[in-house]
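See structure below.
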Amino acid sequence: MSIVNVERMSHGFGARTIFEDVSFRLLKGEHVALVGANGEGKSTFLSIITGQMTPDEGKVEWAKRVTSGYLDQHAVLKAGMTIRDVLKTAFDEMYKLEAEMQSCYDKMGEASPEEMEKLLNDAGEIQEILDAHSFYTLDSKIEEVAGGLGLRDIGLDRMVDELSGGQRTKVLLTKLLLQSPDILILDEPTNYLDVEHIEWLKTYLQGYENA
């Protein structure tokens with residue numbers, strides 16, 4: 244199944260042509276690397292793919308209901324949060340579902356028999372979703388990925404306001420891996436990583452089930 248299609252894309256800056264009549268497709272679960280010297284257009288290509296730039300010619304089409312994650316090294320982290328707080332936002336939808344399930348249980352004390360049946364069904368459906376996403380082991384998952392990229396050495400309870408640019412990039416990368424999107428797009432992800440953490444990332448990506 245093709246999840247991204249690029250058809251006859253051309254793009255340039257002034258008189259310089261970066262891409263000419265490029266066609267490309269990404270299949271579900273496929274792993275692809277863009278390799279080239281500095282200034283050859285790798286970041287430009289990714290910006291076009293993610294919709295941040297419009298090509299001079301051609302089109303980019305995404306399959307419906309496909310989630311994507313893009314490592315933006317210039318993204319701003321919200322002040323007043325710890326590293327752990329930021330990483331937990333990767334699972335915001337799961338935490339919202341947990342709160343919704345708890346609300347169902349809270350309402351059961353005053354529910355009629357008809358309402359009780361609906362509340363039980365709703366709570367059961369949410370529980371199935373949470374179980375399918377290993378919700379109750381999320382803290383362990385956060386510790387695992389954060390450790391692999393060296394964030395535990397920094398301290399997960401450290402405020403993001405205190406972090407250097409490189410440390411912030413590590414936080415963004417860790418959050419992105421935790422989100423596990425259908426398409427994971429990384430632009431120079433090894434920046435600010437030492438050899439040990441690069442090796443961990445290579446192994447992690449080799450086992451990544453999505454594209």
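If you use the working numbering, the sequence shown closes out at 454, no skipped numbers anywhere. We put the beta carbon where it would ideally sit given N, CA and C, even for glycine.
(request) Assign Arg411 to buried or exposed, taking buried as 16 or more other Cβ atoms, counted over all protein chains shown, within 10 Å of its Cβ. (result) The residue is buried, with at least 16 neighbouring Cβ atoms inside 10 Å.
(message) Considering only heavy atoms of the ligand ATP, does any lie closer than 6 Å to the CB of Gly352?
(response) Among the ligands in the structure shown, none appear at all, so the ligand ATP cannot be discussed.
(request) Would you check if the distance between the CB atom of Ser311 and the CB atom of Leu270 is smaller than 7 Å? (result) No.
(request) Check whether the Cβ atoms of Glu300 and Asn248 sit closer than 7 Å, and answer yes or no. (result) When the beta-carbon positions are compared, Glu300 and Asn248 stay at least 7 Å from each other.
(request) Using the Cα positions of Ala322 and Val329, report the straight-line distance between them to the nearest angstrom. (result) Going by the C-alpha atoms only, they are around 10 Å apart.
(message) For Arg401, which residues in the same chain have their Cβ closer than 7 Å to its Cβ, ignoring the five residues on either side in sequence?
(response) Closer than 7 Å at Cβ, skipping near neighbours: Thr325 and Ile326.
(request) In angstroms with no decimal places, state the Cα-to-Cα distance between Ile291 and Leu444. (result) Computed Cα separation, rounded: 25 Å.
(message) For Lys307, tell me which candidate among Asp396, Ile426, Tyr451 and Glu283 has the shortest Cα-Cα distance.
(response) Considering only alpha carbons, the answer is Ile426.
(request) Under 6 Å Cβ to Cβ from Leu420, same chain only, skipping five residues before and after it: list those, please. (result) In the same chain as Leu420, and ignoring 5 residues on each side of it, the C-beta atoms closer than 6 Å to its own belong to Val388, in chain order.
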